[in-house]
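Take a look at the structure set out below.
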Amino acid sequence: MSTQQAREYPDVVITPGSAVAGREAFPDLTRRVLAHNDKLMVVEHVMEAGSVFPRHNHPEEQLAYLISGRIRVQIADDEPFEARAGDSFVVRGGVDHQVVAVERSVALDVFTPS
């Protein structure tokens with residue numbers, strides 16, 4: 046099944062996980078856009094131990110939820126902190142941030158607007 050709009054709920058878009066291909070965003074870091082529209086995007090990031098999501102920023106607000114593993118996060122020039130499975134954090138749009146995987150980790154990130 047590919048992405049489709051539900052007949053019963055015309056504003057609902059259904060995307061089966063099997064229909065979403067991952068792509069290597071950086072070495073040992075895979076990114077899958079699970080769902081998106083003009084206001085919201087949900088992304089799964091799988092990071093192998095030691096992989097780095099380099100310092101960057103984007104205009105979108107970002108909410109991150111760590112499903113598994115441990116990551117070290119630096120936001121702006123603040124002291125880095127470690128997030129563990131079950132932790133979440135928010136990054137404001139336009140703010141520099143970087144993530145390093147302490148161990149293999151899976152995160153769910155929500156961006157708005159997309």
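Just so it is clear: in the sequence shown, position 65 is 110 by our numbering, and no numbers are missing. In this text, a Cβ means the ideal position worked out from N, Cα and C, and glycines have one as well. Predicted, not measured: the structure shown is a model, and the values here were computed from it.
- Beta-bridge pairing by DSSP links Glu-89 to Arg-77, Leu-153.
- Between Gln-107 and Val-144, the CB-CB gap reaches or exceeds 8 Å.
- DSSP lists His-142 as the beta-bridge partner residues of His-101.
- For Ala-64, the secondary structure class from DSSP, reduced to helix, strand or coil, is helix.
- Check the Cα spacing between Ser-159 and each of Leu-74, Ala-80, Gly-62: the tightest is with Ala-80.
- In the three-state reduction of the DSSP assignment, Arg-115 falls in the strand class, which pools E and B.
- In this structure, the CA atom of Glu-93 is about 14 Å from the CA atom of Arg-68.
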